[in-house]
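In what follows, a structure is listed as structure tokens, so that the remarks can point back to it.
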Amino acid sequence: MSEPMHCYRHPRRETRVSCATCGRPICTECMRQTEVGIKCPEDARLPRGARAGAMKPNQILKTLLAGVGIAAVGTFVVAYVLFALPFTLLISAAAGYGAGTLINRAGGRNGGPIAILVSVVATAVPFFVVLGPGVLEGVVNPIRLVAMVIAMIAAGVANRQL
Ligand SMILES: [Zn+2]
Ligand SMILES: [Zn+2]
16 MSEPMHCYRH PRRETRVSCA TCGRPICTEC MRQTEVGIKC PEDARLPRGA RAGAMKPNQI
76 LKTLLAGVGI AAVGTFVVAY VLFALPFTLL ISAAAGYGAG TLINRAGGRN GGPIAILVSV
136 VATAVPFFVV LGPGVLEGVV NPIRLVAMVI AMIAAGVANR QL
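Position 113, counted from 1, in the sequence shown is what the working numbering calls 128; the numbers after and before it change by one each time, with no gaps.
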């Protein structure tokens with residue numbers, strides 16, 4: 016049995032509960048139930064962005080796996096679908112956003128730097144694979160490069176913190 020502690024906001028109140036983030040004791044009135052345990056009001060109130068990147072290892076793994084999957088599937092999409100259709104830029108934005116959203120969900124919707132990085136890279140890889148040879152020969156259609164940049168931005172935007 017642990018020693019009774021005193022709420023850091025109400026020093027006279029005894030409690031056995033402490034914040035999952037900062038460890039300070041909090042009374043029942045002050046504690047906030049969150050998806051990751053009981054927290055003090057300050058830590059419970061932190062914006063989502065403040066805990067971004069605090070993905071669990073399995074969420075990071077899923078994010079990376081989703082990224083690899085997106086990159087693989089995306090290569091076919093870019094090679095055989097994207098550039099074959101009209102409105103390439105619009106479709107690029109939608110495809111990039113979709114890819115970013117999938118990766119965001121794979122990571123437990125935490126978003127943050129890892130999800131953004133994986134999304135942007137996973138979206139860029141198919142374009143590099145498809146456009147790379149043309150770029151090296153200097154014969155690539157500029158619209159296709161613009162499409163790549165748009166898709167990368169859209170993938171990053173899909174992981175923004177709301
Ligand atoms: Zn706290
Ligand atoms: Zn209190």
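Cβ coordinates follow ideal geometry from the N, Cα and C atoms, glycine included.
Small disclaimer: the values here were computed from a predicted structure and weren't measured.
Own chain, CB closer than 6 Å to residue i, minus 5 neighbours either side, in chain order
| i | result |
| --- | --- |
| I168 | none |
| A170 | G111, A114, G115, S134, V135 and T138 |
| P54 | The sequence given here places Lys at residue 54; Pro does not occur at that position. Around K54: C34, A35, T36 and R47. |
| Q74 | G122 and G123 |
Supposed close pair residue i, residue j - CB separation, criterion 8 Å
| i | j | result |
| --- | --- | --- |
| P141 | G89 | 4 Å |
| R28 | H21 | 6 Å |
Neighbourhood of residue i by C-beta distance below 7 Å, restricted to the same chain and skipping five residues each side
| i | result |
| --- | --- |
| A130 | T78, I118, N119, G122 and N174 |
| V136 | G82 |
| T49 | A59 |
| V144 | T90 |
| V93 | P141, F142 and V145 |
| P26 | none |
| A86 | A137, V140 and P141 |
Residue(s) in a DSSP beta bridge with residue i
| i | result |
| --- | --- |
| G52 | T49 |
| M20 | T30 |
| P40 | S33 |
Sequence-distant residues of its chain with Cβ nearer than 8 Å to residue i (five each side left out)
| i | result |
| --- | --- |
| G43 | The sequence given here places Thr at residue 43; Gly does not occur at that position. Cβ within range, chain order: T30 and V32. |
| V155 | L146 and G149 |
| T103 | L97, I158, R159 and A162 |
| M70 | T78, G122, G123, N125, G127, I129 and A130 |
Item to check | Contained beta strand (DSSP E) runs [length at least 3] in the stretch 113-138, N- to C-terminal order | outcome: With a minimum length of 3 residues, there is no unbroken run of beta strand (DSSP E) contained wholly in the stretch 113-138.
Item to check | Exercise answer, beta-carbon shell around ligand 2 heavy atoms below 5 Å | outcome: C22, R24, H25, C42 and C45
Next on the checklist: Residues around ligand 1, please: the condition is that the C-beta lies closer than 5 Å to some non-hydrogen atom of it.
Outcome noted: C34, T36, C37, C55 and D58
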